[in-house]
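**Student:**
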Amino acid sequence: LAGIPNRPSTYNPLTETGKRNALRRMRIVLSKMYELEMITRSMYERALDTELVFRKKPPAVSATQINSYFVDYVIGEVIDDLMEKRGFSYDIAAFTVYNGGLTIETTLDSEVQAQAEATFNDQALFITDTDNLIDMPEKPNGSVVVIDNLEHPGQIKAMVGGFGQKTGNFVLNRAVDAYRSPGSSMKPLAVYGPALDMGKISAASVFTDMEYFLDDKNPTVPYPKNSYRTYKGNISVRNALKYSSNTIAVYIIKYVLGTESASLYLRQVGIDRPEDSENVSMALGSFGKGMSAYEMAGAYAAFANNGLYTEPYAYTRVLDINGNVLLENKSQYVEVYKPETAFILTDILKGVFTSGGTAAGSGLENMPAAGKTGTTDNNRDKWFCGYTRYYTAAVWYGYDNLLGLTTIPKDDQKNAIRIWQDLMSRIHADKEELDFIRPDGVIVMTVCPDSGQKVSPYCPVAVREYFIPGALMNPSEQCTLHEPLPTPSPAPEPGLDQPGG
Numbered sequence: 001l002a003g004i005p006n007r008p009s010t011y012n013p014l015t016e017t018g019k020r021n022a023l024r025r026m027r028i029v030l031s032k033m034y035e036l037e038m039i040t041r042s043m044y045e046r047a048l049d050t051e052l053v054f055r056k057k058p059p060a061v062s063a064t065q066i067n068s069y070f071v072d073y074v075i076g077e078v079i080d081d082l083m084e085k086r087g088f089s090y091d092i093a094a095f096t097v098y099n100g101g102l103t104i105e106t107t108l109d110s111e112v113q114a115q116a117e118a119t120f121n122d123q124a125l126f127i128t129d130t131d132n133l134i135d136m137p138e139k140p141n142g143s144v145v146v147i148d149n150l151e152h153p154g155q156i157k158a159m160v161g162g163f164g165q166k167t168g169n170f171v172l173n174r175a176v177d178a179y180r181s182p183g184s185s186m187k188p189l190a191v192y193g194p195a196l197d198m199g200k201i202s203a204a205s206v207f208t209d210m211e212y213f214l215d216d217k218n219p220t221v222p223y224p225k226n227s228y229r230t231y232k233g234n235i236s237v238r239n240a241l242k243y244s245s246n247t248i249a250v251y252i253i254k255y256v257l258g259t260e261s262a263s264l265y266l267r268q269v270g271i272d273r274p275e276d277s278e279n280v281s282m283a284l285g286s287f288g289k290g291m292s293a294y295e296m297a298g299a300y301a302a303f304a305n306n307g308l309y310t311e312p313y314a315y316t317r318v319l320d321i322n323g324n325v326l327l328e329n330k331s332q333y334v335e336v337y338k339p340e341t342a343f344i345l346t347d348i349l350k351g352v353f354t355s356g357g358t359a360a361g362s363g364l365e366n367m368p369a370a371g372k373t374g375t376t377d378n379n380r381d382k383w384f385c386g387y388t389r390y391y392t393a394a395v396w397y398g399y400d401n402l403l404g405l406t407t408i409p410k411d412d413q414k415n416a417i418r419i420w421q422d423l424m425s426r427i428h429a430d431k432e433e434l435d436f437i438r439p440d441g442v443i444v445m446t447v448c449p450d451s452g453q454k455v456s457p458y459c460p461v462a463v464r465e466y467f468i469p470g471a472l473m474n475p476s477e478q479c480t481l482h483e484p485l486p487t488p489s490p491a492p493e494p495g496l497d498q499p500g501g
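Position 413 of the sequence shown, counted from 1, bears residue number 413 in this note's numbering, the numbering being contiguous throughout.
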């Protein structure tokens, strides 16, 4: 023990390397003590021959203290990082966290966490009609992750992994440990963001929403079908995302973007699913493993941060008992999208809250926001991933039983949106209104919404649209879809024979 305080991390007997160093240090100290006649020869030899047993107190938490989901997550992250970055075994890492006198500096915003927990304790947001519980095999549940966009991008400010009061420590944290198909909330990440960034589409590009046969394994079966059970004909990319057209999303990933490019962009925002890298249905969120709210929040935050992705993190530093830094986290940015791409896609996603959008009327009061809904087959899972300049929040709502046949009641099919709106309204209540800043590189052109080309004198409607300068699919010609009305024939003079007379 006398040799450890000089360099406690080097001589930490709870690590394998530290144990060897500590034993070597022990022999040096004993030798010096014998040399200085502080101990006898027999005492020196007996000390060298004594087997040292390091007893570890098993990790334990007071039974009366129930941690938040955020605290549970931080503890797990620190243990994992001590193992990965410092070479600790699991037992030693856990012992160090619980008994080593560590100081863990977290990213938690206690007020945001409190508001998130208040939202997730509101029964009305999870079950509109409690009579439905009688016939339900299981109750619906949910999760949310809130990430800072403005002051410390990438920092997790709040996390809730289940509905209602948390009843124990290290219970299932659905925010990070439950993986569910994200449905259409994957479209901006797998299709429209990459295709816009590569210049393969523009917000004004027009595609045909119609019956397609895009499943190579079932070429005679119409695929995909739209949730709105019809087809809208020729519509712009802006409206395809607003209405959440399935046919156009799959058409673009199959014939315009390519699954390889889609997978590359997904990996850059922390979503790596190599087993699904050639699957066109990833455009609709069909993945073997599914996604967590943690992954979806991190990925969407890249749109809010001018195209920069940083892996979400829950602590900034971990200090040992003497104040030495054991672990450190900082925002490390990867430029995934051009700032112009992030701005244009954000502007499109604002439309989700407007008339005809999948979250119409569910925006925030006096705070610009953007987002996307997600629904899986048979309404078993609901998502809403959205953001402001201040925060990104991803909400999942559904059932724990993956194999169950329970579907979300009709009255509750907007609950993911309602949960998101309630929480984001709470945490923006006293915030100054901030809109997304248009990069200098974004240009504006007036186009025909029917053709996506420059407006002509004959187009009945003209709209102003954002574009990335030099992008391949920017309109270069005037619209030819609309032609001048034919000149009326002059009225025949009286007395002349008429055709067929």
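Yeah, the Cβ is synthetic: ideal placement off N, Cα and C, and Gly gets one too.
#1: Pairs of beta-carbons, one from the segment 393-404 and one from the segment 286-296, closer than 8 Å: are there three or more?
#2: What do you reckon, are the CB atoms on residue 223 and residue 213 nearer than 8 Å?
#3: Exposed or buried, which one is residue 192 when buried takes at least 16 other CB atoms within 10 Å?
#4: Going by C-alpha distance, which of 93, 365, 137, 342 is nearest residue 440?
#5: Work out the CA separation of residue 471 and residue 200 for me, nearest whole Å.
#6: Output needed for residue 115: all residues of its chain with C-beta closer than 6 Å, excluding positions within five of it in sequence on either side, in chain order.
#7: To the nearest angstrom, report how far apart residue 178 and residue 463 are at their CA atoms.
#8: Exposed or buried, which one is residue 113 when buried takes at least 16 other CB atoms within 10 Å?
#9: Just to confirm my understanding: we take residue 263, look at its own chain, exclude 5 residues before and 5 after, and list those with CB closer than 6 Å. What are they?
#10: Could you have a look at residue 425 and say whether DSSP puts it in helix, strand or coil?
#11: For the putative contact between residue 475 and residue 447, defined by C-beta atoms under 8 Å, what is the C-beta separation to the nearest angstrom?
#12: Assign residue 137 to one of two classes, buried (16 or more other C-beta atoms within 10 Å of its C-beta) or exposed (fewer than that).
#13: If residue 310 and residue 333 are in contact, beta carbons under 8 Å, what's the gap, nearest whole angstrom?
#14: Kindly give me the distance between the Cβ atoms of residue 194 and residue 301, rounded to whole angstroms, as I take these residues to be in contact under 8 Å.
#15: Tell me whether residue 242 is buried or exposed, calling it buried when 16 or more other Cβ atoms sit within 10 Å of its Cβ.
#16: Taking contact to mean 3 or more Cβ pairs, one atom from each stretch, closer than 8 Å, check whether the segment 160-167 and the segment 117-125 are in contact.
#17: Could you pull the DSSP bridge partners for residue 385 from this structure?
#18: What does DSSP give as the partner residues of residue 158 in its beta bridges?
#19: Would you identify the three-state DSSP class for residue 264, choosing helix, strand or coil?
#20: Which one of 313, 348, 321 has the shortest CA to CA distance from residue 331?
#21: Where does the unbroken beta strand (DSSP E) through residue 99 begin, and where does it stop?
#22: Is residue 280 helix, strand or coil by DSSP?
#23: Output needed for residue 101: all residues of its chain with C-beta closer than 6 Å, excluding positions within five of it in sequence on either side, in chain order.
#24: What's the gap between the Cα of residue 375 and the Cα of residue 187?
#25: Taking DSSP as the reference, what is the three-state secondary structure of residue 213?
#26: Could you give the residue range of the beta strand (DSSP E) that holds residue 103?
#27: Quick one: which unbroken alpha helix (DSSP H) runs of 4-plus residues sit fully inside the segment 410-481? Chain order, please.
#28: Rounded to a whole number of angstroms, what is the C-alpha to C-alpha distance between residue 215 and residue 240?
#29: With distances taken Cα to Cα, identify the nearest neighbour of residue 457 among 466, 480, 382.
#30: Would you check if the distance between the CB atom of residue 103 and the CB atom of residue 319 is smaller than 8 Å?
#31: Find out if the Cβ-Cβ distance for the pair residue 502, residue 386 is shorter than 8 Å.
#32: If the criterion is Cβ atoms closer than 8 Å, does the pair residue 236 and residue 204 meet it?
#33: Could you name the residues of the same chain whose beta carbon sits closer than 7 Å to that of residue 72, not counting the 5 residues immediately before and after it, in chain order?
#34: What residues in its chain sit with their C-beta under 8 Å from that of residue 483, if we drop five residues either side in the sequence?
#35: Between the alpha carbons of residue 423 and residue 372, how many angstroms are there, rounded?
#36: In this structure, what does DSSP give as the bridge partners for residue 42?
**Tutor:** Reading it off the structure:
#1: yes
#2: Yes, Cβ-Cβ distance for residue 223 and residue 213 is below 8 Å.
#3: buried
#4: Closest option to residue 440, Cα to Cα, is 342.
#5: 8 Å
#6: 426, 427
#7: 43 Å
#8: Classification for residue 113: buried.
#9: These residues qualify, in order along the chain: 277.
#10: helix
#11: 6 Å
#12: exposed
#13: 5 Å
#14: With 8 Å as the limit, residue 194 and residue 301 do not qualify as a contact, their Cβ atoms being about 17 Å apart.
#15: buried
#16: By the C-beta criterion, the segment 160-167 is judged to be in contact with the segment 117-125, since at least 3 inter-stretch pairs fall below 8 Å.
#17: 372, 394
#18: 146
#19: helix
#20: 313
#21: Premise fails: residue 99 lies in the alpha helix (DSSP H), 90-99, not in any beta strand (DSSP E).
#22: helix
#23: Sequence-distant Cβ neighbours of residue 101 in its own chain, meaning closer than 6 Å and more than five residues away, are 321.
#24: 12 Å
#25: strand
#26: 103-106
#27: 415-427
#28: Distance between the alpha carbons of residue 215 and residue 240: 20 Å.
#29: Ranking the options by Cα distance to residue 457, first place goes to 480.
#30: yes
#31: Here the chain has residues from 1 to 501 only, and residue 502 is not among them.
#32: yes
#33: 169, 170, 173
#34: Cβ-Cβ distances below 8 Å link residue 483 to 458 in the same chain, with the five nearest sequence neighbours on each side left out; the list follows chain order.
#35: Roughly 16 Å separates the two Cα atoms.
#36: None; residue 42 has no bridge partner.
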